[in-house]
Structures are given as C-alpha cells and as structure tokens.
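Worksheet for the structure shown next.
There are 2 protein chains.
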Amino acid sequence: MERPEWNVMVATCPSRTSLARIANKWTAMIVMALDPGRLRFGEIREAVGGISGKVLSETLRQLERDGVVSRTAYDQMPPRVEYELTPLGRSLHQPMAALAAWAQDHIEEVQLSRNAFDEREDERLVG
Amino acid sequence: MERPEWNVMVATCPSRTSLARIANKWTAMIVMALDPGRLRFGEIREAVGGISGKVLSETLRQLERDGVVSRTAYDQMPPRVEYELTPLGRSLHQPMAALAAWAQDHIEEVQLSRNAFDEREDERLVG
DNA sequence: CAGGATCCATTTTGATACTG
DNA sequence: CAGTATCAAAATGGATCCTG
C-alpha cells in the first residue's frame, strides 16, 4: 500500500492536477453549495453568486470527470438535471469549508493589511 | 462582535476576494513551502516545483499585501530577500495542507474516475 | 540573487444567441 | 431549463532580457 514518494510540490506529480482543480474558488463554492444535498443546475447557479452559466457547466463537468459530483439527467421537457456530491466529493467538503471559513473569518485582518500595504506603496511612489 | 450576515457565496462579499486568492494552487504550495520556516526567494522557487520567477514574485507580493507573508530584504549585493509566514499566514497553513493532502490521498481514485469518464465519452462519440 | 519590464501564448471568463 | 456555440475581453503563465 505504498504511496508514491512524491507530492504536490513536485511539478510532475499527478496529484498536482487534482490540486489545481480543487484549489479554485468556483470549485470551492460549488462543493459547498452541494453539501446540503442534490441541486438542480439553476439552483446551484443561484447559490453560487456571480457564476455564469458557462463557467458553471464547465466546472461541473470537470468535477463529474474527477468523480466529485454525480449528474442525473431526467428525460423531460424542459430539461431537469440534478447534481450531487459523490462520497469522494463529500470527503472534499470539509477542507473546502475550512478554506472558505478562513476567508470569512480573517477578511477584516486581510483588508487592514491591504490598506496598510497600499498606503506604504503610495508614499513610496510619491516620495 | 457581529460578523456581516453574508459570506463568500455572495458575489459582492469582500471575503470573496480573499477566497479567490487562497483558493489557488500557487498560494497553497507557497504557504506549505514556508511552513517550516523562513526561506529565501530562490529556496521557495526550488521548493515549489515548476513555478516561474514571475509568478512567484507576483504571488508573494499579493500574499505580502494580504498580510500572509512578511518580506525582509537585506541590503547586500547580490540581493538577499527572505520570506516568512506571518501569524495570519500560519493560521492558513492547516487548511492549505488539508487541501493538498486531499489531492494526494485521493489522486488514484480521481484518476480512475477520469479514465472511466473519458472512456464513456469516447464510446459516446463513436456510437 | 531577486526581481521588474516586456512580449507572447494560453487560459479563463463573460455576454449573447440558439436549441432540444 | 440546461446546456452548447461563438466571439470578445481579461487574466494568467512562461521566456527572455536587464539591473542594482
């Protein structure tokens, strides 16, 4: 049961491709949106503020390919398609939620830092 | 001590900008590289496989702006610049490491899923 | 050595229109 | 409704040259 001795820090490690996909804001938000349960395409779109239909369908497709979400299309008119986290996808939720929580919990500190940095930058340019 | 009632799922929430930065493979790897202790620019570059000088300097600059890393430049020739995680940055390490660990731990499952998906795709195109 | 500047190729994202 | 196709715009990434 040996794992390869390399890791994501190695450019050619296969897991780098997986990290590249999950270390992405859209992926993070879609996984969080689907955590409570299966949703229709349009419902995900409402849940993830600001995402375009194109980006959503493309990202969902990649996540389906990676086995993170499953897709169920009902043969109806108009169409009805539902997405759900797979067991693999559910195992991803906790890390993703932790990342989002960090962003929310530290946004004030980050903003203060940005303001200070930009001020230093300004007076450096002015001299 | 009330937090705003919105969150990263809301497009206009400030924390969205923070999530966008940390939900990024380069950020993840740089934070992990710096976890053991301060490193010089070139050392980070070696630690993070495949990163270019341009991307590294740009990303470090953003992370410095956000207060995640601190930068120390020694007035020498040739230059010597060291980077270190701030306390804020150290608080980010755990979530980042969890994400990287997920990528590594599940890469085989992901790859199997990708292969199966691509095969289904192929036979769908062939018919 | 640590970067900034520049030029380009690639990728990502977004609007819009269209269809089963 | 859930996409796909298309075009344009913007962001990202890489390679190279240059400097203190």
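Chains as they are written, first to last, in the working numbering: chain A, 7 to 133; chain B, 7 to 133.
Note that CB positions come from ideal geometry on N, CA and C, so glycine has one too.
* To do: Report the rounded CA-to-CA distance for Glu-127(B) versus Ala-29(A), giving the unit in angstroms.
  => Numbered from 1 along the second sequence, position 121 holds the residue referred to as residue 127(B). Numbered from 1 along the first sequence, position 23 holds the residue referred to as residue 29(A). Rounded to whole angstroms, Glu-127(B) to Ala-29(A) spans 25 Å at the Cα level.
* **Alpha-carbon to alpha-carbon, Met-15(B) and Lys-31(B)** => For the purposes of this step, residue 31(B) is taken as the residue at position 25 of the second sequence. For the purposes of this step, residue 15(B) is taken as the residue at position 9 of the second sequence. When rounded, the distance between both Cα atoms is 20 Å.
* If you run the structure through DSSP and keep just helix, strand and coil, what is Arg-44(A)? -> In the first sequence, residue 44(A) corresponds to position 38, counting from 1. If DSSP states are grouped into helix, strand and coil, Arg-44(A) belongs with coil.
* Kindly list, in the order they appear in chain A, the residues whose Cβ is closer than 8 Å to that of Arg-71(B). => Locating residue 71(B) in the second sequence gives position 65, counting from the first residue. By Cβ distance, chain A contributes Ser-119, Arg-120, Phe-123 and Asp-124.
* Cβ atoms of Gly-56(B) and Ala-17(A): under 8 Å apart, would you say? -> Here residue 17(A) corresponds to residue number 11 of the first sequence, with the count starting at 1. Here residue 56(B) corresponds to residue number 50 of the second sequence, with the count starting at 1. Cβ distance < 8 Å, so Ala-17(A) and Gly-56(B) count as in contact.
* To do: Could you tell me if Ser-21(A) is buried or exposed, where buried requires 16 or more neighbouring beta carbons within 10 angstroms of its beta carbon?
  => In the first sequence, residue 21(A) corresponds to position 15, counting from 1. That one is buried.
* To do: Would you check if the region 56 to 68 of chain A and the region 109 to 119 of chain B touch, i.e. whether three or more CB-CB distances between them fall below 8 Å?
  => no
* Asked: If you check the beta carbons only, do Leu-105(A) and His-99(A) fall under 8 Å apart?
  -> What you label residue 105(A) is simply residue 99 of the first sequence in a count that begins at 1. What you label residue 99(A) is simply residue 93 of the first sequence in a count that begins at 1. The answer is no: Cβ separation not under 8 Å.
* Closer than 8 Å by beta-carbon distance: list the chain B residues that pair up with Val-37(A), in chain order. => In the first sequence, residue 37(A) corresponds to position 31, counting from 1. Going along chain B, no residue has its Cβ under 8 Å from Val-37(A), so there is no contact; the nearest lies around 11 Å.
* Asked: Who are Val-75(A)'s beta bridge partners in DSSP?
  -> As a position in the first sequence, residue 75(A) is number 69, starting the count at 1. Val-75(A) pairs with Leu-91(A).
* Asked: So with Cβ pairs under 8 Å, would you call Val-116(B) a contact of chain A?
  -> Numbered from its first residue, the second sequence carries residue 116(B) at position 110. Yes - at least one Cβ of chain A is within 8 Å of the one on Val-116(B).
* To do: Check whether the Cβ atoms of Glu-115(B) and Gly-43(A) lie closer than 8 Å to each other.
  => Taking the first residue of the second sequence as position 1, residue 115(B) is located at position 109. Taking the first residue of the first sequence as position 1, residue 43(A) is located at position 37. Cβ atoms of Glu-115(B) and Gly-43(A): not closer than 8 Å.
* To do: Starting from Asp-124(B), follow the alpha helix (DSSP H) in both directions and report where the run begins and ends.
  => Position 118 of the second sequence, counting from 1, holds the residue named residue 124(B). Run containing Asp-124(B): 113 to 132, per the alpha helix (DSSP H) assignment.
* **Tyr-89(A) versus Glu-70(A), Ser-97(A), Ala-103(A) and Met-35(A), residue with shortest Cα-Cα distance** => Looking up residue 89(A) in the first sequence gives position 83. Nearest C-alpha to Tyr-89(A): Glu-70(A).
* Asked: Which term fits Gly-95(B), buried or exposed, when burial requires 16 or more other beta carbons within 10 angstroms of its beta carbon?
  -> In the second sequence, counting from the first residue as 1, residue 95(B) sits at position 89. Label assigned to Gly-95(B): buried.
* Buried versus exposed, by CB contacts within 10 Å (16 or more), Thr-78(B) -> Looking up residue 78(B) in the second sequence gives position 72. So Thr-78(B) ends up on the exposed side.
* Identify which residue in Leu-25(B), Thr-23(B) and Val-61(B) has its Cα closest to the Cα of Ile-36(B). => If you number the second sequence from 1, residue 36(B) lands on position 30. The shortest Cα separation from Ile-36(B) among Leu-25(B), Thr-23(B) and Val-61(B) belongs to Val-61(B).
* Asked: From Leu-118(A) to Met-83(A), what distance separates their C-alpha atoms?
  -> Residue 118(A) sits at position 112 when you count from the first residue of the first sequence. Residue 83(A) sits at position 77 when you count from the first residue of the first sequence. Looking at the two C-alpha atoms, the distance is approximately 51 Å.
* Asked: When the Cα atoms are used, what is the spatial distance from Met-38(B) to Arg-46(B)?
  -> Numbered from 1 along the second sequence, position 32 holds the residue referred to as residue 38(B). Numbered from 1 along the second sequence, position 40 holds the residue referred to as residue 46(B). So the two alpha carbons sit approximately 14 Å from each other.
* Using a Cβ-Cβ cut-off of 6 Å (strictly less than) and excluding sequence neighbours within five positions of Tyr-80(B), which residues of its own chain qualify? -> Your numbering for residue 80(B) matches position 74 in the second sequence. Arg-86, listed in sequence order.
* **Ser-24(A), buried or exposed, once every other Cβ within 10 Å from all chains shown has been counted against 16** => On the first sequence, position 18 is the one that residue 24(A) refers to. Looking at its Cβ environment, which holds 16 or more other Cβ atoms inside 10 Å, Ser-24(A) is buried.
* Asked: Could one say the Cβ of Ile-50(A) lies closer than 8 Å to chain B's Cβ atoms, at least one of them?
  -> Position 44 of the first sequence, counting from 1, holds the residue named residue 50(A). Ile-50(A) does not count as touching chain B.
* Is Pro-93(B) buried or exposed, if buried means 16 or more other CB atoms sit within 10 Å of its CB? -> Translated into positions along the second sequence, residue 93(B) becomes position 87. By the neighbour-count rule (16 or more Cβ atoms within 10 Å), Pro-93(B) is not buried but exposed.
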